[in-house]
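Enquirer: Structure incoming, see below.
Protein chains in written order, with this note's numbering: chain A, 1 to 341; chain B, 342 to 599; chain C, 600 to 909.
Right, here's the structure in full:
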């Protein structure tokens, strides 16, 4: 039973949040922050797979997010609503409620395919040169979207709030929130299981010594493809959710700045620590919200805080460790975890 | 069918001829030594055989199939394992994990099973872990299973690396200078270990070594390399007396000045 | 007509590439010594431009108080350039001392230093925005612009100045790195970081020297950029900085001639793509070329793949 404890706890927590949202006990602003926390958790944990566990330096995570956001949004608007560009709705708007997860996953798959653009050069390129390739992919994605006038180009793309409304007309519950919570749960659960299996630890072997990994039986190419596609696919799902929270996206959202945010969360939390990535995603999102009244000064204060933090904890909050290493008593709830035989 | 057959293998690094016309045939069960002065191309031969380099010319057959041109992990999957001159363990993973990950080629499950923890995952993971545990046990490393390799004494790191190679379940084990950096006591243990491993796991062992004590005590057959060419070959006692070998190691005999 | 526009674009590309090259040199120098991608470097360039702005307006007596003496324009230009370089170098070294060195001392993974560098860049950008506001500043005319037209090609004295300055800087740097003691120490560090302090070379001095060189080059780029495009805003360094970093990598990061060539190459690609394609496609095409180039030659033009010995 214990192995399900964390799952049940998370389900309960989600239920409380959803009930609170349903009963309008919290104001929509706080709810939105909660959803952004969720998005950031997906972004930082998925980037941690590549940057932390595999030890590459991907600086273009927002590009994959953009691909997912646009694919999911365009599919939804095309399928479920009547617009000038795409004509009348292909399917009845009420079916959005069932097909939303499908389009979300399709967005993730699309992003994973774009992830191949990075994965394939990574066979030969490492380190800072690969960082540039990820940067280039980020720019290419953003620039391609800007040049596609059908989906709004640089002006952006909207109509997703219509989809959310259509879903809520059928059953009136906060659907986006539900899907954010579900995706966060699935992401963390999936990554946790992946990196704790011998199969997944192959990517840590690549980080430690790629040559030894290749010679000692790890198919490094396949593992790199798996890691990059998994990471970018999850970022795509985060993007799809992000688009439906805002109801409006434009390519300017998915710049290096957004990628940098994800990067900071990974290194703040600690390379190769899932709990660290979650912790830093939550805290950074909240800190940024907390300092919002400072306006411009926010972007001076927060980086200064981070620099200070780096000086005191040069390995991030958690370092390489997981929560269960710091509090061994928790370990019994995560039987698959790390250090026990 | 020979276990390993190398035919006229030649390798160039740019204009530098690192290995020239290397021939060898292992039937299985031998304990072979490859010696030669520094820079003779010994490690390059290993790198060529294990697939890390692709020979410029020549053919390599392992277990009856041609392996030059295969990727290293594919060669490994056929049952060839090696250790490295400078220990290359995965230092942020525990000793135990080191021995598990090296079984990657026959894990028997993929991403899907890992995520869903299917029956196949449970079963195979249990098998992999058991193999690692057993190996650690017989190598006397159980106590260090949860340690990180970099925290272990040098001799133990070597031992872990041999354990990692064994976890591949190889039929051919390549050891690249296993005694480098060891003290005399550790060398004695190593000699015992290599002999025991070969008997216990029914392996063919091929090793590169500088320590004559190890080579002469362990190897039945020795091949001597100098400037990429094989200059001598034969049972250890014979090779030891071979004038060309002495010359390669010690240089030309100085003319006696009055 | 085609030939004319070609040569006009060539000249523009040389000028545009010069800025990239000058900033890329700073990236490469620091990278060569520390293996650190100094992401704050683009913002150092911005700081340089702003320092130049304040110095120039001060020297030209555009503040409430006039200087007791009037300087000839040439003197104003030279003083501005030199003082800007010196002051910006101080900024660069301060960042090194305050943010990077303590991390290095603690043995942090170099990626944490890279993140710190990103943060330093943000602080510089937004600090500037906070202190000086979002309004753009127009840079005073330090040098009178003269445009010569030779068979239909417009050549301005500023373009020539920029290009010549860049080439001179390149030659000077090559000499410093090859002939002076500090330069040789820089090269030694990039080969073997551990051995250098053991050989009695003062590591920190060399690092500070590297930051002085890099930052003052960024400052020079800042002054020249401000003269050529006299509009300053706090975010001017961000995009140029990223692109200069890309230029440094194309050339083979850590290599001085690599940064120089990479800068010009990126300048050429950008100007020519913009000249013959719709300008919205500029980034798309430029970065696609980069992607393909790096897939074929993973270590850049001059970068040498370090052979791993096993």
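For glycine and all other residues, C-beta sits at the position ideal for the given N, C-alpha and C.
Output, in chain order, the set of chain A residues within a Cβ distance shorter than 9 Å of residue 758 (chain C).
Expert: By 1-based counting over the third chain, the position of residue 758 (chain C) is 159. Result: empty, since nearest Cβ-Cβ is about 27 Å, beyond 9 Å.
Enquirer: List the DSSP bridge partners of residue 753 (chain C).
Expert: For the purposes of this step, residue 753 (chain C) is identified with residue 154 of the third chain, where counting begins at 1. In DSSP, residue 753 (chain C) forms a bridge with C:748.
Enquirer: Between the stretch 425-440 of chain B and chain A, which residues of the former have a C-beta closer than 9 Å to a C-beta of the latter?
Expert: Against chain A - using a Cβ distance shorter than 9 Å - the residues of the stretch 425-440 of chain B are 425, 429, 430, 431, 432, 433, 434, 435, 437, 438 and 439.
Enquirer: Residues in the stretch 396-411 of chain B with C-beta within 8 Å of chain A's C-beta atoms, listed in sequence order?
Expert: Within the stretch 396-411 of chain B, no residue qualifies.
Enquirer: Can you find the residues in the same chain that come closer than 7 Å, C-beta to C-beta, to residue 384 (chain B), ignoring five residues on each side of it along the sequence?
Expert: Sequence index remark: in the second chain, residue 384 (chain B) carries index 43 (1-based). Hits under 7 Å: 426, 517 and 549.
Enquirer: Ends of the alpha helix (DSSP H) at residue 342 (chain B)?
Expert: In the second chain, residue 342 (chain B) corresponds to position 1, counting from 1. From DSSP, residue 342 (chain B) is part of no alpha helix (DSSP H); its letter is neither H nor E.
Enquirer: What does DSSP give as the partner residues of residue 366 (chain B) in its beta bridges?
Expert: For the purposes of this step, residue 366 (chain B) is identified with residue 25 of the second chain, where counting begins at 1. Answer is B:346, bridged to residue 366 (chain B).
Enquirer: Please identify the residue among C:867, C:617, C:606 and C:638 whose C-alpha is closest to the C-alpha of residue 720 (chain C).
Expert: The sequence position of residue 720 (chain C) within the third chain is 121, counting from 1. Residue C:638 is the option with its Cα nearest to residue 720 (chain C).
Enquirer: Skipping 5 residues on each side, what residues in its chain have a beta carbon closer than 7 Å to that of residue 765 (chain C)?
Expert: Within the third chain, the letter at position 166 stands for residue 765 (chain C). Counting only Cβ-Cβ distances below 7 Å, and skipping sequence neighbours, we find 617, 620 and 621.
Enquirer: Along the chain, where does the alpha helix (DSSP H) that runs through residue 579 (chain B) open and close?
Expert: Sequence index remark: in the second chain, residue 579 (chain B) carries index 238 (1-based). 577-582 is the extent of the alpha helix (DSSP H) around residue 579 (chain B).
Enquirer: Inspect the beta-carbon positions of residue 515 (chain B) and residue 501 (chain B) and report whether they are closer than 8 Å.
Expert: Within the second chain, numbered from 1, the residue matching residue 515 (chain B) stands at position 174. Within the second chain, numbered from 1, the residue matching residue 501 (chain B) stands at position 160. It is not a contact, given that the beta carbons lie outside the stated cut-off.
Enquirer: Less than 8 Å separating the beta-carbons of residue 45 (chain A) and residue 187 (chain A)?
Expert: The count along the first chain starts at 1 and reaches residue 45 (chain A) at position 45. The count along the first chain starts at 1 and reaches residue 187 (chain A) at position 187. In contact: residue 45 (chain A) and residue 187 (chain A) (Cβ atoms closer than 8 Å).
Enquirer: Just tell me which of C:792, C:767, C:631 and C:846 has its CA closest to the CA of residue 900 (chain C).
Expert: In the third chain, residue 900 (chain C) corresponds to position 301, counting from 1. Nearest of C:792, C:767, C:631 and C:846 to residue 900 (chain C), Cα basis: C:846.
Enquirer: Using CA atoms only, rank isn't needed, just tell me which of A:255, A:271, A:103 and A:199 is closest to residue 233 (chain A).
Expert: As a position in the first chain, residue 233 (chain A) is number 233, starting the count at 1. Among A:255, A:271, A:103 and A:199, the Cα nearest to that of residue 233 (chain A) belongs to A:103.
Enquirer: If you check the beta carbons only, do residue 175 (chain A) and residue 184 (chain A) fall under 8 Å apart?
Expert: On the first chain, position 175 is the one that residue 175 (chain A) refers to. On the first chain, position 184 is the one that residue 184 (chain A) refers to. Taking 8 Å as the Cβ cut-off, residue 175 (chain A) and residue 184 (chain A) do not qualify as a contacting pair.
Enquirer: Rounded to a whole number of angstroms, what is the C-alpha to C-alpha distance between residue 355 (chain B) and residue 769 (chain C)?
Expert: Residue 355 (chain B) sits at position 14 when you count from the first residue of the second chain. Residue 769 (chain C) sits at position 170 when you count from the first residue of the third chain. Going by the C-alpha atoms only, they are around 32 Å apart.
Enquirer: Could you work out which residues of chain B lie near residue 909 (chain C), taking near to mean beta carbons separated by less than 9 Å?
Expert: Walking along the third chain from the start, residue 909 (chain C) turns up at place 310. Near residue 909 (chain C) (Cβ distances below 9 Å), the residues of chain B are 384, 387, 388, 393, 425, 426, 427, 429 and 517.
Enquirer: Looking at the C-beta of residue 198 (chain A), does it have a partner C-beta in chain B at a distance below 8 Å?
Expert: Residue mapping note: residue 198 (chain A) aligns to position 198 of the first chain, counting from 1. For residue 198 (chain A), the answer is yes, since a Cβ of chain B falls inside 8 Å of its Cβ.
Enquirer: Nearest by alpha-carbon distance to residue 877 (chain C): which of A:180, A:147, A:196 and A:237 is it?
Expert: Counting from one through the third chain, the residue named residue 877 (chain C) turns up at place 278. If we check each option's Cα against that of residue 877 (chain C), A:147 comes out closest.
Enquirer: Evaluate residue 588 (chain B) with the Cβ neighbour count: other Cβ atoms within 10 Å of its Cβ, from every protein chain shown; 16 or more gives buried, anything less gives exposed.
Expert: Sequence index remark: in the second chain, residue 588 (chain B) carries index 247 (1-based). Looking at its Cβ environment, which holds fewer than 16 other Cβ atoms inside 10 Å, residue 588 (chain B) is exposed.
Enquirer: Starting from residue 402 (chain B), trace the beta strand (DSSP E) in both directions and tell me its first and last residue.
Expert: Within the second chain, residue 402 (chain B) is the residue found at index 61, counting from 1. Taken as a continuous stretch (DSSP letters only), the beta strand (DSSP E) holding residue 402 (chain B) covers 398-403.
Enquirer: Buried or exposed for residue 445 (chain B), please, with buried defined as at least 16 other CB atoms from any protein chain shown within 10 angstroms of its CB.
Expert: In the second chain, counting from the first residue as 1, residue 445 (chain B) sits at position 104. Label assigned to residue 445 (chain B): buried.
Enquirer: Do the CB positions of residue 558 (chain B) and residue 532 (chain B) come within less than 8 Å of each other?
Expert: For the purposes of this step, residue 558 (chain B) is identified with residue 217 of the second chain, where counting begins at 1. For the purposes of this step, residue 532 (chain B) is identified with residue 191 of the second chain, where counting begins at 1. Yes. Within cutoff.
Enquirer: Rounded C-beta distance between residue 414 (chain B) and residue 218 (chain A)? I'm assuming under 8 Å.
Expert: By one-based count along the second chain, residue 414 (chain B) stands at place 73. By one-based count along the first chain, residue 218 (chain A) stands at place 218. That belief holds up - the Cβ atoms of residue 414 (chain B) and residue 218 (chain A) are roughly 6 Å apart, short of 8 Å.
Enquirer: Please check if any C-beta of chain A sits within less than 8 Å of the C-beta of residue 599 (chain B).
Expert: Counting from 1 along the second chain, the entry for residue 599 (chain B) is found at position 258. The predicted model places residue 599 (chain B) with a pLDDT of 47, which falls under 50 and marks its position as unreliable; any figure quoted below should be read in that light. So no, residue 599 (chain B) is outside the interface.
Enquirer: Please list, in chain order, all residues of the same chain as residue 320 (chain A) whose beta carbon is under 8 Å from its beta carbon, the five residues on each side excluded.
Expert: Along the first chain, read from residue 1 onward, the residue named residue 320 (chain A) stands at position 320. Result list for residue 320 (chain A): 270, 271, 272 and 273, in chain order.
Enquirer: Where do the ends of the alpha helix (DSSP H) carrying residue 684 (chain C) lie?
Expert: By one-based count along the third chain, residue 684 (chain C) stands at place 85. Looking at the DSSP string, the run of the alpha helix (DSSP H) that includes residue 684 (chain C) is 672-694.
Enquirer: Using 10 angstroms around the beta-carbon of residue 201 (chain A), count the other beta-carbons present and answer buried if the total reaches 16, otherwise exposed.
Expert: What you label residue 201 (chain A) is simply residue 201 of the first chain in a count that begins at 1. With 16 or more other Cβ atoms within 10 Å, it is buried.
Enquirer: Under 6 Å Cβ to Cβ from residue 460 (chain B), same chain only, skipping five residues before and after it: list those, please.
Expert: For this step, residue 460 (chain B) is matched to residue 119 along the second chain. No residues qualify anywhere along the chain.
Enquirer: Counting only C-beta atoms, is residue 852 (chain C) closer than 8 Å to chain A at any point?
Expert: Counted from its first residue, the third chain places residue 852 (chain C) at position 253. Yes, because at least one Cβ of chain A sits closer than 8 Å to the Cβ of residue 852 (chain C).
Enquirer: Kindly indicate which three-state DSSP category residue 218 (chain A) falls into: helix, strand or coil?
Expert: The sequence position of residue 218 (chain A) within the first chain is 218, counting from 1. Looking at residue 218 (chain A) - three-state DSSP - the assignment turns out to be coil, as it is neither helix nor strand.
Enquirer: Rounded to the nearest angstrom, how far is the Cβ of residue 421 (chain B) from that of residue 391 (chain B), given a contact under 8 Å?
Expert: As a working note, residue 421 (chain B) is residue 80 in the second chain. As a working note, residue 391 (chain B) is residue 50 in the second chain. Yes, they are in contact, since the Cβ atoms of residue 421 (chain B) and residue 391 (chain B) sit about 6 Å apart, within 8 Å.
Enquirer: The beta strand (DSSP E) that contains residue 545 (chain B), what's its start and end?
Expert: One-based indexing of the second chain puts residue 545 (chain B) at position 204. Residue 545 (chain B) -> beta strand (DSSP E) spans 545-549.
Enquirer: Going by Cα to Cα distance, which pick from B:423, B:487 and B:555 is closest to residue 470 (chain B)?
Expert: As a working note, residue 470 (chain B) is residue 129 in the second chain. Checking every option, the nearest Cα to that of residue 470 (chain B) belongs to B:487.
Enquirer: Identify whether residue 537 (chain B) lies in helix, strand or coil by the three-state DSSP scheme.
Expert: Here the question's residue 537 (chain B) lines up with position 196 in the second chain. Reduced to three states, the DSSP call for residue 537 (chain B) is helix.
Enquirer: Specify, as a first and last residue, the run of the beta strand (DSSP E) that residue 423 (chain B) falls within.
Expert: If you number the second chain from 1, residue 423 (chain B) lands on position 82. 421-423 is the extent of the beta strand (DSSP E) around residue 423 (chain B).
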